[in-house]
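Trainee:
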Amino acid sequence: MQPEATEEERVKNMTLEAYADTIVPGEKRFPEDRAIAGAAPGPGSVAAGALELLNFDATGVTAGLPYLAQSLNDHAKIYAGEVALELDHDVPPFVALPYEHRRELVRRLTTPGHPEKDGWVSLALFCNMAYDSAAHRHTAEAIRDGHPGLLALGYQAPDADGFWRFPKYGYGRKLAELHPDTTPSGSPA
Amino acid sequence: MTAIDKTDVVIVGSGFGGSIPAYHLAAGGAKVTVLERGPWLAANDFEHDYLLGSSYTRAFDFVVGDGMSVLGGNCVGGGSVVYFAAMPRAPRFVFDRQGSIGRRMWPSVLSRDTLEPWYDRVDESLPVSKQDWTDVSYAGGLWAAACNHSGRTANPAPVAVDNGTCVNCNFMMAGCRFDAKRSMLTNYLPAALAHGAEIRPLHEVQRLERTEDGGYRVHFDLIDEEDYRIHTGTGVIEAKVVIIAAGAGATPVILQRSEATLGTMPHGVGRYFSGNGERLNTAIVDEDRVREVLGLSREDGPVYSANHIGKGPTVANWDKLDGSLPEYERYSLEQLYFPPGLGTILAQVPGGEEPRWYGAQKKEILNQWANWLTIFLMTEDDNEGVFGTPPPTGNAYRISQQMLGRGSLRYDPTENTRRGWALADADCKAIIEKDGLAKVAPWTNDVVGAYTVHPLASCRIGDDAATSALHPNHELRNHPGIFVTDSASVPGALTVNPAMTVAALAERSVPGIVRALQARDVDVKYGAPAPDGSITGRRAVSKLDLVAGT
Ligand SMILES: Cc1cc2nc3c(=O)[nH]c(=O)nc-3n(C[C@H](O)[C@H](O)[C@H](O)COP(=O)(O)OP(=O)(O)OC[C@H]3O[C@@H](n4cnc5c(N)ncnc54)[C@H](O)[C@@H]3O)c2cc1C
């Protein structure tokens, strides 16, 4: 882990971790972990590298992260007021929300018609990608190093040259009748 | 002062719509310059890697609109480099569709019969092969067996894949490392180059302007090869004829942006966009039930568990491609593979709690990813897409270094479209959930809108000036010398994968473009063989008495 420069940085990272953990939730890294709500067994988006991916400038969201984190906390405060939730002040407001409320707030922010929908959807896209495709890593290396998302999805290591090949790929027999109006070229008539 | 670059024909975009005329016109003797906004990649560049910046993101353009997102190619070869190579011909009834305009939307000269010789040319050129059951992947086989179990038929889809070299890696969306997929990089483009065509990658065309002598000046930006957000310069080139083939998500935007200099565009430019009525459903397969009910088994242990093995779509259900059914009730259900990153986010938990596209239950189905079976629904939508004010450059405001952008397309599905989707969803569910084979849910439209890899009709051909942007010969109405030969010209949804039809229309457009060039004193002839020299297709076409300049 890199030392976190400022309190602001710490708040931003914790908030983004909590957002990523709302998209693909995982188990807490240590008992007092607040960013991760612990809503699902096994590693989630954060353990899969969500913050590394979000900080990869190629995504185009990196520069907007401080703004998104702050805005998410503002939304969390308003939301907590609406549903009469008392937030504790040890952690940023979004982090203080219990999982089902984080989930509900994200639902509202990503609903068609919400003026900030685009930003929240982009953030969700990349948080999901950290888990399901490790887009911040070479796939073969990520698998070799035990990337939790790719392994959970069932990826196996490629051949020695880094490419996947499947010599066995099908059941190899007829499994249905062809449509009666199939042309000799194999197209619908 | 440097002299302005001049050529006979500028072709914008190098997918099916651009490569095909590029070859024929160059082979016929015209000076052809192809401007392509994406990079020029070859087999050695195609990686098996989801890392941002690998070929998987370099070759793509994903544009989020309002109610519709469009995925397309962004490289030399265009969509043909990233496509799944399923190449069925469109069913006969498609050409009689009326869609939203209450009259036949295809030009009267076009039907399945009149397009057939042009389909044959494409078939020979790529080539397209009829698949056998032994070519079918586990996913396709499972879909076929499920259809059969429901008393349905199922067809191995015709594909432009060399099954002898294909390794079933399912990475074909990142380009084919083994050149097993017949993209334009393996046929029309090398043949065009051999005849002297020039291809300029990383040249993004922004707008056109008319020259005093009746030709066109084409303005482009130079794009950084790694970060497409960065434009490194600008330039112009003049041509007697311009062919716009930037794809249905980009072609109308170039024309809209040119309106300031070219004058008013026909009403059909940037309207009547169709997403080919597409929708994806994700089924989570129950291995035990598949073993018991369908009697399937794999040699190496699991019954299925093979989502990542194969080659895109291999089997389709065509039972509802029935011309006697009313419009909007006809569709195909095709097995497909969609890789993670782009595909998984929109999958919803079957029967899960709302919202069903993220959270703990979604993670559970992600962890069963190897047991996903994706079904691709191609229905008849209502051509309801409209392009708004064009962005300053390209076809979108680019967000990511590659791939992701925000575009001006608005798509608000009508009742007809929604009903077609619902019928197809229900049919898919009836087949795949029968006897507990799997649980299925459609992808959500709430996140990035509806989603298409088959954008069509944003600049369509037709007989009627009020509802079509192009004459039946693909020339832009009121703008002689500008032709549109890509997916934008296809009038409406096809109920099957469109590339075969896009390519056949592009083949069909060439004799007319040859005549337009001849009228502008270019010494060009029509009649080249298929890119590999085969002439069977040419013989079929020459019977049509369309051959100009011979
Ligand atoms: C993932 C995926 C899978 C698919 N699978 C199938 C399939 O199995 N079967 C099938 O039939 N179809 C498939 N398709 C659809 C098929 O690829 C398209 O229908 C087809 O490529 C359309 O051809 P086109 O010539 O209209 O456009 P494209 O092939 O998209 O070519 C347009 C080209 O223009 C370039 N361009 C855009 N704007 C500019 C500009 N301003 N200046 C210069 N160049 C520009 C683009 O980079 C692109 O290279 C698939 C598409 C995708 C994305």
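Chains H and G, in that order, are what the protein sequence lines are.
Going by our numbering, the first sequence opens with residue 1, and the numbers climb by one from there.
Going by our numbering, the second sequence opens with residue 190, and the numbers climb by one from there.
For each residue, glycine too, the CB sits at the ideal point set by N, CA and C.
If contact means a Cβ-Cβ distance below 8 Å, which residues of the stretch 351–367 of chain G contact chain A?
Mentor: Given the protein chain composition of this structure (H and G), no chain A is represented.
Trainee: Does any heavy atom of ligand 1 sit closer than 7 Å to the C-beta of G:Tyr461?
Mentor: Counting from 1 along the second sequence, the entry for residue 461 of chain G is found at position 272. For ligand 1, not one heavy atom lies less than 7 Å from the Cβ of G:Tyr461.
Trainee: Measuring CA to CA, which of G:Arg389, G:Asp197, G:Gly206, G:Ile193 is closest to G:Thr674?
Mentor: Position 485 of the second sequence holds residue 674 of chain G. Residue G:Gly206 is the option with its Cα nearest to G:Thr674.
Trainee: Short of 7 Å Cβ to Cβ, which residues in the stretch 540–570 of chain G face chain H?
Mentor: Pro544, Tyr547, Gly548, Ala549, Lys552, Leu555, Asn556, Trp558, Ala559
Trainee: Which value, in whole angstroms, describes the spacing of the CA atoms of H:Leu153 and G:Ser486?
Mentor: Here residue 153 of chain H corresponds to residue number 153 of the first sequence, with the count starting at 1. Here residue 486 of chain G corresponds to residue number 297 of the second sequence, with the count starting at 1. Answer to the nearest angstrom: the Cα atoms are 21 Å apart.
Trainee: So, for G:Ile473: in the same chain, excluding its five sequence neighbours on each side, which residues have a beta-carbon less than 7 Å away from its beta-carbon?
Mentor: Reading the second sequence from its first residue, position 284 is the one you call residue 473 of chain G. Here the set comprises Pro539, Ile554, Gln557, Asn560, Trp561, Ala627, Lys628.
Trainee: Please list the terminal residues of the continuous alpha helix (DSSP H) segment that includes H:Ala80.
Mentor: On the first sequence, position 80 is the one that residue 80 of chain H refers to. Per DSSP, H:Ala80 belongs to the alpha helix (DSSP H) from 65–82.
Trainee: Starting from G:Thr342, find everything on chain H with Cβ-Cβ shorter than 8 Å and list it in chain order.
Mentor: Translated into positions along the second sequence, residue 342 of chain G becomes position 153. Under the 8 Å cutoff, chain H gives Ala176, Glu177, Leu178, His179, Pro180.
Trainee: Among G:Ala654, G:Phe282, G:Lys623, G:Ser314, which one has its Cα closest to the Cα of G:Leu683?
Mentor: If you number the second sequence from 1, residue 683 of chain G lands on position 494. Comparing Cα positions, the closest option is G:Phe282.
Trainee: Among G:Asn357, G:Thr578, G:Ala333, which has the Cα closest to the Cα of G:Ala346?
Mentor: The residue labelled residue 346 of chain G in the question sits at position 157 within the second sequence. Minimum Cα distance to G:Ala346 is reached at G:Ala333.
Trainee: Would you kindly work out how many angstroms separate the C-alpha atoms of H:Ala202 and H:Pro98, rounded to a whole number?
Mentor: With chain H represented from 1 up to 189, any question about residue 202 of chain H goes unanswered, as that position is not in the structure.
Trainee: Around the Cβ of G:Ile620, are there at least 16 other Cβ atoms within 10 angstroms (buried) or fewer (exposed)?
Mentor: Within the second sequence, numbered from 1, the residue matching residue 620 of chain G stands at position 431. The residue in question, G:Ile620, is buried, as its Cβ has 16 or more Cβ neighbours within 10 Å.
Trainee: Considering only the alpha carbon of each residue, which of G:Thr471, G:Val492, G:Glu488 lies closest to G:Glu481?
Mentor: If you number the second sequence from 1, residue 481 of chain G lands on position 292. It is G:Val492.
Trainee: Taking the runs of the alpha helix (DSSP H) that are 4 residues or longer, which of them lie wholly in the stretch 419–483 of chain G?
Mentor: The stretch 419–483 of chain G contains these whole alpha helix (DSSP H) runs: 440–451.
Trainee: Rounded to the nearest angstrom, what separates G:Asp194 and G:Ala428 at their Cα positions?
Mentor: Counted from its first residue, the second sequence places residue 194 of chain G at position 5. Counted from its first residue, the second sequence places residue 428 of chain G at position 239. Their backbone Cα atoms lie some 9 Å apart in a straight line.
Trainee: Report back the beta-carbon spacing between G:Phe284 and G:Arg301 to the nearest angstrom; my notes put them in contact at under 8 Å.
Mentor: For the purposes of this step, residue 284 of chain G is taken as the residue at position 95 of the second sequence. For the purposes of this step, residue 301 of chain G is taken as the residue at position 112 of the second sequence. Going by Cβ atoms, the distance from G:Phe284 to G:Arg301 rounds to 6 Å, so yes, they are a contact pair.
Trainee: With a Cβ-Cβ cutoff of 8 Å, do G:Val713 and G:Val703 count as a contact?
Mentor: Here residue 713 of chain G refers to the residue found at position 524 when the second sequence is read from its first residue. Here residue 703 of chain G refers to the residue found at position 514 when the second sequence is read from its first residue. Contact flag set, yes.
Trainee: Measuring straight from C-alpha to C-alpha, what distance separates G:Ile433 and G:Gly530?
Mentor: In the second sequence, residue 433 of chain G corresponds to position 244, counting from 1. In the second sequence, residue 530 of chain G corresponds to position 341, counting from 1. Computed Cα separation, rounded: 31 Å.
Trainee: Please list, in chain order, the chain H residues whose beta carbon lies closer than 7 Å to that of G:Val479.
Mentor: Residue 479 of chain G sits at position 290 when you count from the first residue of the second sequence. One finds nothing in chain H with a Cβ atom closer than 7 Å to the Cβ of G:Val479; even the nearest lies about 11 Å away.
Trainee: Under 8 Å Cβ to Cβ from G:Gly638, same chain only, skipping five residues before and after it: list those, please.
Mentor: Residue 638 of chain G sits at position 449 when you count from the first residue of the second sequence. Excluding sequence neighbours, G:Gly638 sits near Val253, Gly254, Asp255, Gly256, Met257, Ser258, Tyr600.
Trainee: Can you tell me which of G:His392, G:Tyr520, G:Arg608, G:Leu706 puts its alpha carbon nearest to the alpha carbon of G:Arg226?
Mentor: Within the second sequence, numbered from 1, the residue matching residue 226 of chain G stands at position 37. Of G:His392, G:Tyr520, G:Arg608, G:Leu706, the residue nearest in Cα terms is G:His392.
Trainee: What does the alpha-carbon distance come out to for the pair G:Glu236 and G:Gly364?
Mentor: For the purposes of this step, residue 236 of chain G is identified with residue 47 of the second sequence, where counting begins at 1. For the purposes of this step, residue 364 of chain G is identified with residue 175 of the second sequence, where counting begins at 1. So the alpha carbons of these two residues sit roughly 8 Å apart.
Trainee: Helix, strand or coil: how does DSSP classify G:Glu516 here?
Mentor: The residue given as residue 516 of chain G occupies position 327 in the second sequence. Three-state DSSP puts G:Glu516 in coil, outside helix and strand.
Trainee: Could you say if the stretch 128–142 of chain H and the stretch 48–66 of chain H meet the contact criterion of at least three C-beta pairs nearer than 8 Å?
Mentor: yes
Trainee: Starting from G:Pro700, follow the alpha helix (DSSP H) in both directions and report where the run begins and ends.
Mentor: The residue labelled residue 700 of chain G in the question sits at position 511 within the second sequence. Where G:Pro700 is concerned, the enclosing alpha helix (DSSP H) stretches over 688–708.
Trainee: On the premise that G:Tyr239 lies in contact with G:Arg278, defined as a C-beta separation below 8 Å, what is that separation, rounded to the nearest angstrom?
Mentor: In the second sequence, residue 278 of chain G corresponds to position 89, counting from 1. In the second sequence, residue 239 of chain G corresponds to position 50, counting from 1. Between G:Tyr239 and G:Arg278 the Cβ distance is about 34 Å, and since that is not below 8 Å, they are no contact.
Trainee: Please check if any C-beta of chain H sits within less than 8 Å of the C-beta of G:His643.
Mentor: Reading the second sequence from its first residue, position 454 is the one you call residue 643 of chain G. No, G:His643 does not count as interfacial toward chain H.
Trainee: Please name the residue or residues paired with G:Arg599 in a DSSP beta bridge.
Mentor: Reading the second sequence from its first residue, position 410 is the one you call residue 599 of chain G. DSSP output for G:Arg599 lists G:Asp255, G:Val575 as bridge partner(s).
Trainee: Beta carbon of G:Asp570: closer than 7 Å to some heavy atom of ligand 1?
Mentor: Sequence index remark: in the second sequence, residue 570 of chain G carries index 381 (1-based). Answer for G:Asp570: no, Cβ out of range of ligand 1.
Trainee: Evaluate G:Arg371 with the Cβ neighbour count: other Cβ atoms within 10 Å of its Cβ, from every protein chain shown; 16 or more gives buried, anything less gives exposed.
Mentor: Walking along the second sequence from the start, residue 371 of chain G turns up at place 182. G:Arg371 comes out buried.
Trainee: In this structure, how does DSSP classify G:Asn352 when only helix, strand and coil are distinguished?
Mentor: Here residue 352 of chain G is taken as the residue at index 163 of the second sequence, counted from 1. Coil at G:Asn352, not helix or strand.
Trainee: Please decide whether G:Val699 counts as near chain H, where near means a Cβ-Cβ distance under 8 Å.
Mentor: Position 510 of the second sequence, counted from the first residue, corresponds to residue 699 of chain G. Chain H, which has no Cβ nearer than 8 Å to the Cβ of G:Val699, makes this no.
Trainee: Are there 16 or more other CB atoms within 10 angstroms of the CB of G:Gly625, so buried, or fewer, so exposed?
Mentor: Within the second sequence, the letter at position 436 stands for residue 625 of chain G. Counting Cβ neighbours within 10 Å, G:Gly625 comes out exposed, since fewer than 16 surround it.
Trainee: Confirm, please, whether the CB-CB distance from G:Ala658 to G:Val350 is below 8 Å.
Mentor: Numbered from 1 along the second sequence, position 161 holds the residue referred to as residue 350 of chain G. Numbered from 1 along the second sequence, position 469 holds the residue referred to as residue 658 of chain G. Their beta carbons are not under 8 Å apart, which means G:Val350 does not touch G:Ala658 by this criterion.
Trainee: Mapping DSSP to helix, strand and coil, what is G:Asp614?
Mentor: To locate residue 614 of chain G, count along the second sequence from 1; it is residue 425. Of the three classes helix, strand and coil, the one that applies to G:Asp614 here is helix, per DSSP.
Trainee: Would you identify the three-state DSSP class for G:Arg389, choosing helix, strand or coil?
Mentor: Residue 389 of chain G sits at position 200 when you count from the first residue of the second sequence. In the structure shown, G:Arg389 sits in a strand (DSSP, three-state: E or B).
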